[in-house]
Amino acid sequence: MKNIVLTGFMGTGKTEVGKELSRLLGLKMIDIDNEIEKSKGITINDIFERYGESKFRDIETEMIKKISTEKNLIISTGGGAVLREENFRMLKENGIIVCLFATPETIFERTKNNSDRPLLKVDDPLKKIKELLEYRLPFYKKADIIIDTEGKTPLQIAEEIMKKINKMT
Ligand code: S3P
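Residue numbering for the sequence shown follows our numbering, starting at 727 and increasing by one per position.
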């Protein structure tokens with residue numbers, strides 16, 4: 727079976743939905759950010775702080791290259807992973823790309839009490855979310871399956887993804 731690759735902005739529920747999919751389908755889940763933290767022995771926050779975003783993006787591409795050669799996985803990506811064409815192409819090779827969407831306000835609510843999103847450590851995070859979302863929209867829209875997560879539980883979203891995948895195959 728192809729990998730199911732979860733993409734989408736921070737706070738759209740990729741991790742929670744990935745866990746549900748993993749449970750329902752009995753497939754292993756891999757979170758790219760977790761893999762980076764494990765392999766480098768340093769948090770994403772610290773990578774951004776010490777080496778900057780562009781170094782993080784290189785490390786992210788390196789990890790995607792490694793993971794995307796595998797099959798039968800649920801892969802949860804960081805919110806900026808699909809901005810690099812190369813990453814998208816590698817993930818798509820063995821995978822079905824799913825993108826989760828939520829409104830800026832919902833994303834703000836879900837992320838506001840969490841300090842491990844370096845890109846949202848700004849004076850006006852809601853404004854930043856809106857700006858980033860607008861810029862990223864065309865990249866997210868390239869996904870094979872697009873899901874609006876508003877008002878849905880992770881389980882409902884996972885079931886919706888499974889239905890859509892069944893229709894495709
Ligand atoms: C990022 C999202 C984060 C993490 C990093 C950059 C982004 O992952 O990869 O902070 O550019 O949107 P989550 O989407 O899991 O929060």
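Every residue gets a Cβ at the ideal spot worked out from N, C-alpha and C, and that includes glycine.
If you're wondering where the values come from, they're calculated on a predicted model, not measured in any experiment.
On the three-state DSSP scale, how would you describe residue i?
i: Asp842; result: coil
i: Lys754; result: strand
i: Val824; result: strand
i: Asp772; result: helix
In the DSSP assignment, find the unbroken alpha helix (DSSP H) run with residue i in it and report its ends.
i: Lys764; result: Ile758 to Lys766
i: Ser780; result: Glu779 to Ile793
i: Asn892; result: Pro880 to Met894
i: Glu896; result: Because the chain in this structure spans residues 727 to 895, residue 896 falls outside the shown range and cannot be described.
i: Lys854; result: Pro851 to Tyr866
Taking the beta strand (DSSP E) that residue i falls in, what are its first and last residues?
i: Thr733; result: Asn729 to Gly734
i: Leu809; result: That residue, Leu809, is in no beta strand (DSSP E); it is neither H nor E in DSSP.
i: Asp874; result: Ile871 to Asp874
Do residue i and residue j have their CB atoms nearer than 7 angstroms?
i: Val824; j: Ala884; result: no
i: Ile822; j: Met789; result: no
i: Asp842; j: Asn760; result: no
i: Val808; j: Phe735; result: no
i: Gly767; j: Thr837; result: no
i: Leu863; j: Ile800; result: no
i: Ile872; j: Gly804; result: no
i: Met755; j: Ser748; result: yes
i: Asn798; j: Met894; result: no
i: Asn820; j: Asn729; result: yes
What does a CB cutoff of less than 7 angstroms around residue i pick up in its chain, not counting 5 residues either side in sequence?
i: Leu852; result: Pro830 and Phe834
i: Phe774; result: Phe782 and Pro844
Taking 6 angstroms as the limit between beta carbons, can you name the residues of its chain near residue i, skipping five residues before and five after?
i: Thr795; result: none
i: Ile887; result: Val824
i: Phe827; result: Asp874
i: Lys890; result: Ile871
So, at 8 angstroms on beta carbons, what are the nonlocal neighbours of residue i in its own chain, with the 5 sequence-adjacent residues on each side left out?
i: Lys856; result: Pro830
i: Pro880; result: Gly739, Glu742, Val743, Lys745 and Glu746
i: Leu846; result: Met736, Thr837, Lys854 and Ile855
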